[in-house]
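Chains as they are written, first to last, in our numbering: chain A, 115 to 855; chain L, 115 to 855.
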């Protein structure tokens, strides 16, 4: 069955609204896993948040947060005609459109200004090449319907937007053969970002006769002024090639960049674009989800998947995906549990190699996790809550600013959100179960699982006169309640970790002698087995009470019973933090996001459907959904409880997190805007695991569909244990067929 | 050796300063354990904080704090001459003095106003009888040096000052035979406070001929207008008798009050005053401390002891002493650890019966402590942090108001300050050791100690893979650091409790069969013995590090190393709370009050003098002394470390806490002014245990004096094991002699 998708594959804005500049920067993002290029206009300076956000390279200045680098802005371009500058938002346009072809990762804009002589129009498009991750290409057209002198000012603006910058202590420009070579040196580690920018102007017949090119520079920008007498109705076209490398990419990174530019310029813009499009088409063969009967859902969902595909690290090891993707520096470009718990399923199903790389990042950063555990007096692996390169935990002890005093507030995300280590174990286990790829286990996955179990074991406490093992003083997924005891989710995930570790210990005999020896040398296996077994037997897992409700943590039931709308009324400042010691939610039952429900969603077989249902009904009205991770968990569990009608709006909330923009943009005084790849992954999971009800049993894929009534057909492809399958659901009938290519 | 004290025994103000009205109300307090009468002027209405504060009777209105009652103000009196009212602060006086004879608990004032005809003068004195605790007497004189019509308005003002009132739903006045009978009915429990007020005017020759008495009333006041033509130079004298009873005092409390007034009026003012003075003189025989060579210290110290003597409950069981004595409603009139840890020593040494009564209060409130433990999921006895009648914990979960948001802040004094139970055990043990009075043990003291040990045992946790027992998530004496693990003081006090419980279990065999049976019926003694023994063996007690420093709690050392003056500079609001989650001290080493030093002071033999010294030197500069309990602990330990020069100013700080006024009057937005009996007790302990170095060894009193250089002689009496001793220190020589009366 082959179908033609009916959706537009376009995100579009048909007018210019200055208030949307920041959110559109995220919504119209393009990227290729190496760089994310915000959907901002070419003429923007840093106050409008343009960014070429780089993956996996960070810098810290002074006391500011350590955050990823934004490369010098190589697309920087604007136009003058007869001495007047035509740029937004300064000069009001006659009409303006911006669109993102999210099937192919191409950003376009078209803006027309009316002057007293006539009209001048700018059109551009750009893409971050999926064929070569270092490459960013742009086409820029200017057309006027009257004669005049046009100047195109284009080059590199290294005065980049930063949240906690500036990060470049030194910026050096060099101009060779029409190329601007920019070396930007960072503050903390003297890393270098190297950018080669070159152009071609009017390859064809209409080359203006009086063309003059002059270079101009300020301290942080280097631009050319391309000045010529323009004829009416002629479109003047500029192409830009931008190659970006950092010192972390290769030994000869400067030469590599220069060579790339020469090679690509020769190849020509159109050919590069076609290569890029072809790869995207290839990706969609596996990734596309077809929903017949709900164009809007299909459009939003595939737009969400576009974002995941745009930020997937494919070019090298040692990278994962940050919580805000490559949309900027919010959340410090750090990797959270979002990756393993919300994004991973999509990649396991569609690009298992990417999934493996994400997990390899956790294996590579095990030393950082061991170090963190030790610093807190624990054993084993305590993964970073906000993981940067090497597993460095970028999370601050003071992660929120008090809106009333402007003082940093002591938060405990880093110290107490111990469920992060279990998320890593869950990810590895999930990947292994779906791929049967033993390599990841052998290449360090095994040690990660053991070290995480050792970590939880060192957390366990017991009352001296009781036998149950408890975990105290943690923060669960619901971050509004700090330093609680026996958070159900955390305890259940620790139990899962112990069980997985025991399975691993069981499996060691099947591994190669070399691996067996390596493990036996590092660990006292019988001792570990005994400890983990003991933990499994005694670890306290909160159980449903007489009403079927599982208490989120010790004492939750005694908290004030109000709903989010009630506590919202108590806010004295729209941006004040709801959690912490004194937040409006802190001493109430109001929770930020799915907590018990996340547990039940991951381990539905722990209880009867009736218990799942009761807890959904109990917790949902108490949930702010203040995190983009929340809605999908409720949506999936709703499907499991046969409540598709309740699942659908929550699914749409997840699927539209970036499509519609908005969302929570502030935590206290900290800007947290950007894209929401975890919500995107959550929307995907809701479709696949929720509405399609896909699951595996004894190595066979099965599905129990729970589709919304108005969905006529649902179709997607999944990779499972080295094979590809097409899954089609129609009228509650299921077709799961292997795809042979 | 009999000596004449050289001190004045007078606290005096020689001018009127409106800003001092509130603090003078506390400084000039009189009391007799049943009532405390603030040192305010007769003419004051509630805005100037007059109060007849009653012991052990409480009321709550709405969401306000539950607090003790202020009785209707029976001393209310003011004067008019020729239609003009002469009262402070409204009418500026020519001269004004106020003094407190603190040897005899007599308050006096004298105020003279200049008019355009001459001068008019008011003089009054009052005392709360030590012969009968229900009795308050006043003499009020008016003299003018010119002729005119004088009106004395006197009666009962039931529109009383309250912090969280008004507490009287209903006020009924009745006038019978020149007496005003006031019945005030409380809100919460419909308790009745009954006040009989009567007067006599000019018993002697100069009775004015045109005397007229009219009664007037508003809703909450009932007064008589005594009007007459006054002759120049004649002093017109009014005597007032006020009897106060509450429904809790006796079945026929109204009749008792009426009978008392009849009896006392017959006896005459002068005779009652003499009785009162005689009892005070009797008290001082045992209580007085003589310091030769330092009049100021002697004056301040004995003034402090006056306060303790004024608030000691002698009239009935079921009472203890509130943290602010009987000076008002601050701290809810509740009993804190202050009583056992800071005030008890004075009473053990001077009035063991009062000490016993204070402890009997804790025995009586054991059911409340058992209930509180149960509510928090613990076993045994968790005493109230702010104990009202029946052991009800008046401490709010929201005990501080945020100065920035005006919201209540969640505090953990009630939930986490678990060292309170050990303070009760310490008190009982201290009393028993000094008196050898087995009755207190037999009458419930034994159960209290066992239940407190059971409580701590139920708090103990251990890491599953370690053997040490820990106590997590507490607040130590330093309240600025909330929810810490292994607070050294708390763990050490728990150890003490286990040891005392084991001693008690050992002692049971020596008790009467009846008691033995009672205990054996309630408890599995061998099981308790085993548990407590186990706890003693494994309980983790922090030890000095390589520099000799004992860490106050886990992680204290990692906190920012600053001093109180540094964090003070960070305040954005002068009244903001230093502790809590985000206070300026919370994440620094700055502490509110002696914590490790309190431990070392109570158990100096735990370590060498070198360790005591090093910890004193380490912690003192970090201590704000933001509680009046702090200085004496440092002073006593300083003596032990031979640093009398450092001890002396800290001693003076304790001794002058009320004498000089001032002190910390605010916690957030909550007024916490009032008297500081714990500081008074601490000053006493510093003299007796610190400077005199008094201790007992195998039943014999000994002393190792550490006197300040300028003290020539120190003398005081102490009760010890049913005998009285005189202790004299002079030139480092010690005389301890039994006193035979």
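Just so you know, even glycine gets a beta-carbon here, dropped at the ideal spot from N, CA and C.
Asked: DSSP three-state label for residue 349/A, please.; Found: strand
Asked: Quick one: what's got a C-beta closer than 7 Å to residue 129/L's C-beta in the same chain, skipping five residues either side?; Found: 210
Asked: Reducing DSSP to helix, strand and coil, say where residue 265/L ends up.; Found: strand
Asked: What residue range does the beta strand (DSSP E) around residue 297/L cover?; Found: 293-300
Asked: Which residues in the same chain as residue 665/A place their Cβ atom closer than 6 Å to its Cβ, once the five residues preceding and following it in sequence are excluded?; Found: 656 and 671
Asked: Closer than 8 Å is the cut-off here; do at least three beta carbon pairs connect the region 173-181 of chain L with the region 195-204 of chain L?; Found: no
Asked: In angstroms with no decimal places, state the Cα-to-Cα distance between residue 265/L and residue 512/L.; Found: 48 Å
Asked: Per DSSP, residue 404/A is paired with what?; Found: 829/A
Asked: Would you please state the rounded distance, in angstroms, between the beta carbons of residue 508/A and residue 496/A? I believe it to be under 8 Å.; Found: About 15 Å; that fails the 8 Å criterion.
Asked: Using 8 Å as the threshold, is the region 590-605 of chain A in touch with the region 686-704 of chain A, meaning 3 or more CB pairs across them?; Found: yes
Asked: Please return the same chain residues whose Cβ sits closer than 8 Å to the Cβ of residue 536/L, not counting the five positions on each side in sequence.; Found: 566, 570, 604, 607, 608, 610 and 611
Asked: With a CB to CB cut of under 7 Å and the five nearest residues on each side skipped, what residues in its chain are close to residue 394/A?; Found: 217, 218, 219 and 244
Asked: Is the distance from the Cβ of residue 353/A to the Cβ of residue 253/A below 8 Å?; Found: yes
Asked: Measuring only the C-alpha atoms, how far is residue 246/L from residue 521/L?; Found: 44 Å
Asked: Identify which residue in 238/A, 173/A and 184/A has its Cα closest to the Cα of residue 165/A.; Found: 184/A
Asked: If we cut at 8 Å on Cβ distances, does residue 577/A have a partner in chain L?; Found: yes
Asked: Taking only three categories from DSSP, how would you classify residue 702/A?; Found: strand
Asked: Residue 429/L versus chain A: which residues are under 8 Å apart at the beta carbon?; Found: Near residue 429/L there are no residues of chain A at all, since even the closest Cβ is about 40 Å away, more than 8 Å.
Asked: With contact counted as at least three CB pairs below 8 Å, one residue from each stretch, are the region 439-446 of chain L and the region 137-155 of chain L in contact?; Found: yes
Asked: Would you list, in chain order, the members of the region 547-577 of chain L that have their beta-carbon closer than 9 Å to a beta-carbon of chain A?; Found: 571, 572, 573, 574, 575, 576 and 577
Asked: So with Cβ pairs under 8 Å, would you call residue 363/A a contact of chain L?; Found: no
Asked: Cα separation between residue 271/L and residue 156/L?; Found: 10 Å
Asked: When Cβ atoms are compared, which residues of the region 686-720 of chain A fall closer than 8 Å to chain L?; Found: 686, 694, 695, 696, 700 and 701
Asked: For residue 848/A, collect the residues of the same chain with a Cβ closer than 7 Å to its Cβ; drop the 5 residues on either side in sequence, then sort them by chain order.; Found: 817 and 819
Asked: Excluding the 5 residues preceding and the 5 following residue 697/A in the sequence, name in chain order all residues of the same chain whose CB lies nearer than 6 Å to its CB.; Found: 691
Asked: If you follow the beta strand (DSSP E) that residue 257/L is in, where does it begin and where does it stop?; Found: 249-258
Asked: Could you tell me which chain L residues have their CB closer than 9 Å to the CB of residue 519/A, listed as they occur along the chain?; Found: 518, 686, 687, 690 and 696
Asked: If you draw a straight line from the alpha carbon of residue 725/L to that of residue 708/L, how long is it in whole angstroms?; Found: 16 Å
Asked: Could you give the DSSP three-state label for residue 115/L: helix, strand or coil?; Found: In this prediction, residue 115/L has a pLDDT of 44, which is less than 50 and means its spatial position is unreliable; what the coordinates show is noted afterwards. Three-state result, residue 115/L: coil.
Asked: Are the C-beta atoms of residue 853/A and some chain L residue less than 8 Å apart?; Found: no
Asked: Round the Cβ separation of residue 484/L and residue 378/L to the nearest angstrom and send it over; I've been treating them as touching at under 8 Å.; Found: That pair is no contact at about 43 Å.
Asked: Looking at chain A, which residues of the region 584-609 of chain L have a Cβ within less than 9 Å of any of its Cβ atoms?; Found: 584, 586, 587, 596, 597 and 599
Asked: Answer yes if the region 644-660 of chain A comes into contact with the region 625-634 of chain A, meaning at least three C-beta pairs across the two stretches below 8 Å, and no otherwise.; Found: no
Asked: If the cut-off is 8 Å on Cβ atoms, which residues from the region 619-651 of chain L count as contacting chain A, listed in chain order?; Found: 645, 648 and 649
Asked: Would you please verify whether the beta carbon of residue 799/L is less than 8 Å from any beta carbon of chain A?; Found: no
Asked: Where does residue 488/L sit, in a helix, a strand or coil, going by DSSP?; Found: helix
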